[in-house]
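Enquirer: Dropping the structure in here first, questions after.
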Amino acid sequence: MKITILGAAGGEVTGSAYLVQTQSASVLVDCGLFQGGQRADELNRPPLPPDGQLDAVLITHGHLDHTGRLPLLAKAGYTGPVFATPATIEMSALILRDSAHIQSADIERVNRKRERAGEPPLEPLYTSAHAEAIIQQFKPVPYQQAVSVAPGLQAIWTEAGHMLGSASIQLLVDDGGKTKRVVFSGDLGPRNAPILKDYEPFRQADLVFLESTYGDRDHQPFGETVEEFFSIVQTAVGARGKILVPTFAVGRAQLLMTLLSQMFRRQLVPPFPIFLDSPMAIAATEIYRHHHELFDEEMLRYVAQKPVRADLQTLKLCATAEDSKKINDQPGPCLVMAGAGMCNAGRILHHLKANLWKPETHVVIVGYQSDDSLGRRLVNGEKLVSIFGEKIAVKAQVHTLGGFSAHAGQTDLLAWFNVIAPSQPRVALTHGENPQREILAKLIEQRYNLKPQLPELHEVIEL
Ligand SMILES: [Zn+2]
8 MKITILGAAG
18 GEVTGSAYLV
28 QTQSASVLVD
38 CGLFQGGQRA
48 DELNRPPLPP
58 DGQLDAVLIT
68 HGHLDHTGRL
78 PLLAKAGYTG
88 PVFATPATIE
98 MSALILRDSA
108 HIQSADIERV
118 NRKRERAGEP
128 PLEPLYTSAH
138 AEAIIQQFKP
148 VPYQQAVSVA
158 PGLQAIWTEA
168 GHMLGSASIQ
178 LLVDDGGKTK
188 RVVFSGDLGP
198 RNAPILKDYE
208 PFRQADLVFL
218 ESTYGDRDHQ
228 PFGETVEEFF
238 SIVQTAVGAR
248 GKILVPTFAV
258 GRAQLLMTLL
268 SQMFRRQLVP
278 PFPIFLDSPM
288 AIAATEIYRH
298 HHELFDEEML
308 RYVAQKPVRA
318 DLQTLKLCAT
328 AEDSKKINDQ
338 PGPCLVMAGA
348 GMCNAGRILH
358 HLKANLWKPE
368 THVVIVGYQS
378 DDSLGRRLVN
388 GEKLVSIFGE
398 KIAVKAQVHT
408 LGGFSAHAGQ
418 TDLLAWFNVI
428 APSQPRVALT
438 HGENPQREIL
448 AKLIEQRYNL
458 KPQLPELHEV
468 IEL
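Those letters in the sequence shown? Residues 8 to 470, by our numbering.
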């Protein structure tokens with residue numbers, strides 16, 4: 008069998024896709040979109056085998072960098088199954104519809120310019136019709152059970168603790184009567200984070216692909232980060248300020264709502280208005296609400312005592328642009344969660360423009376900020392930024408909370424690997440920038456006497 012690495016390799020963290028080809032079948036594990044960077048446009052092609060024959064697609068979790076090229080498969084004529092856990096199917100549907108919408112909107116903007124320049128229009132990468140087509144091809148799989156996915160190929164999904172429905176996948180390949188095992192970690196979450204269960208590592212592999220996003224370091228401890236968040240909220244509410252949280256729609260928004268519910272339940276702060284200003288975050292929260300079976304025991308006890316929403320009587324869901332604009336008239340104290348998470352687009356820009364220049368405003372950065380984003384400039388402490396072409400003074404207090412990551416830090420990556428290491432697998436580190444995966448590789452070599460490969464994009468691993 009051979010495995011061609013078609014994304015999240017060579018120091019890339021986006022575009023996850025592995026093409027597995029055996030004597031009897033070809034399957035893809037993940038089908039992610041390349042995001043950002045100069046080469047994204049040219050790299051975003053359907054990750055199909057040269058003969059175009061694909062038997063199945065297996066998805067680890069719903070994030071766009073693991074699912075975003077799926078509509079390209081539909082566009083290329085693929086009509087086979089896409090296997091994923093039920094929650095991943097719902098999350099993927101939400102995320103792919105949004106992605107198709109963004110692709111169309113972006114290309115419309117480009118085409119208006121091209122029309123004025125007398126140039127022919129460009130096609131979007133894919134449309135809503137392609138997204139809807141592939142969404143119909145999803146097939147639900149249970150956790151912890153071998154599922155037959157293609158001739159001679161079975162797969163087992165286990166909890167990855169990274170987002171609702173996330174999984175690691177073990178592929179069982181019938182190789183002339185002998186079973187070979189290939190494990191894909193997918194994105195792994197931190198242990199002991201609230202809401203979701205912790206990851207469940209596999210014990211056996213001939214080859215393991217391990218993500219290495221934070222292979223070089225650990226995050227700030229979660230408990231400390233929570234205390235810091237509580238104290239920011241208390242200070243801001245005491246001073247009647249506005250708290251702006253640029254947030255990704257899935258994961259972080261639900262975590263913050265849970266923490267705010269804890270603050271109200273424990274009476275750490277009097278109830279004050281909270282705005283969830285993102286249609287996608289509202290939809291993602293609904294998906295969380297009917298997947299309690301994926302919650303950890305602590306969260307199950309917490310919601311059994313009282314539903315989170317019973318604490319959040321002051322939460323307003325802002326679905327429309329009108330709802331969003333009305334937040335402008337809301338005096339402090341209040342807290343606004345809005346996208347985009349890196350402040351490079353979306354409703355958060357309007358809130359930042361209206362409030363960054365006020366000293367009583369607090370901006371809380373809870374996620375990764377890429378180098379070229381407005382979020383990174385705020386983190387770096389720039390005192391003057393440009394939003395919608397207007398200069399805005401940054402008088403607000405900007406807080407960066409490093410401990411709310413949805414990714415396992417170095418210690419948790421190694422703890423996951425420690426369980427599979429005794430089976431003496433070959434190891435390939437993917438989904439990490441090069442400095443991060445080199446540090447992790449060195450540690451694995453020292454501790455387990457295994458020499459991890461650091462594959463490049465399009466590299467082929469034969470087993
Ligand atoms: Zn992810």
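In this text, a Cβ means the ideal position worked out from N, Cα and C, and glycines have one as well.
Locate the alpha helix (DSSP H) running through Arg-272, then write down its first and last residues.
Expert: 259-272
Enquirer: Arg-1 by DSSP, collapsed to three states: which one?
Expert: As displayed, the chain neither begins before 8 nor continues past 470, which places residue 1 out of reach and without an answer.
Enquirer: Which of the three DSSP states, helix, strand or coil, is assigned to Val-148?
Expert: coil
Enquirer: According to DSSP, is Leu-421 part of a helix, a strand, or is it coil?
Expert: helix
Enquirer: Look at the alpha carbon of Ala-83 and the alpha carbon of Pro-147, and state the distance between them as a whole number of angstroms.
Expert: The straight-line gap from Cα to Cα measures roughly 23 Å.
Enquirer: Tell me the start and end of each unbroken beta strand (DSSP E) in the region 370-402 that is at least 3 residues and wholly inside, in chain order.
Expert: Unbroken beta strand (DSSP E) runs of no fewer than 3 residues, entirely contained in the region 370-402, are found at 391-394 and 397-400, following chain order.
Enquirer: Return yes when the C-beta of Asp-194 is under 7 Å from any heavy atom of ligand 1, and no when it is not.
Expert: yes
Enquirer: Any heavy atom of ligand 1 within a distance shorter than 7 Å of the CB on Met-170?
Expert: yes
Enquirer: Suppose the cutoff is 6 Å on Cβ atoms and the five residues either side in sequence are ignored; what does the same chain contact list for His-226 look like?
Expert: Gly-409, Gly-410, Ser-412 and Gly-416
Enquirer: Helix, strand or coil, according to DSSP, for Lys-249 in the structure here?
Expert: Three-state result, Lys-249: strand.
Enquirer: From which residue to which residue does the beta strand (DSSP E) around Asp-223 run?
Expert: It is not in any beta strand (DSSP E) - Asp-223 carries neither H nor E in the DSSP assignment.
Enquirer: So with Cβ pairs under 8 Å, would you call Ser-285 a contact of chain D?
Expert: Absence of chain D from the displayed structure is noted, only one protein chain being present.
Enquirer: So, is Ser-238 buried or exposed, given that buried needs 16 or more other C-beta atoms within 10 angstroms?
Expert: exposed
Enquirer: Does ligand 1 have a heavy atom nearer than 7 Å to the CB of His-406?
Expert: Because no heavy atom of ligand 1 lies under 7 Å away, the Cβ of His-406 does not count as near it: no.
Enquirer: From Ser-173 to Ala-162, what does the alpha carbon distance come to, in whole angstroms?
Expert: Taking the straight line from one Cα to the other gives about 15 Å.
Enquirer: Return the residue from the list Ser-31, His-406, Leu-55 and Tyr-85 that minimises the CA-CA distance to Val-252.
Expert: Of Ser-31, His-406, Leu-55 and Tyr-85, the smallest CA-CA separation from Val-252 is found for His-406.
Enquirer: Between Gln-322 and Ile-250, which are expected to be in contact by the criterion C-beta below 8 Å, what is the C-beta distance as a whole number of angstroms?
Expert: According to the sequence displayed, residue 322 carries Leu and not Gln. Incorrect: roughly 14 Å between the Cβ atoms, too far for contact.
Enquirer: Can you tell me the Cα-Cα spacing of Pro-57 and Val-36, whole angstroms?
Expert: 16 Å
Enquirer: Compute the Euclidean distance between the alpha carbons of Gln-42 and Phe-279, then round it to the nearest angstrom.
Expert: 37 Å
Enquirer: Beta-carbon within less than 7 Å of Trp-164's beta-carbon, same chain only, minus the 5 sequence neighbours each way: which residues are those?
Expert: In the same chain as Trp-164, and ignoring 5 residues on each side of it, the C-beta atoms closer than 7 Å to its own belong to Thr-92, Val-148, Tyr-150, Ala-174 and Ile-176, in chain order.
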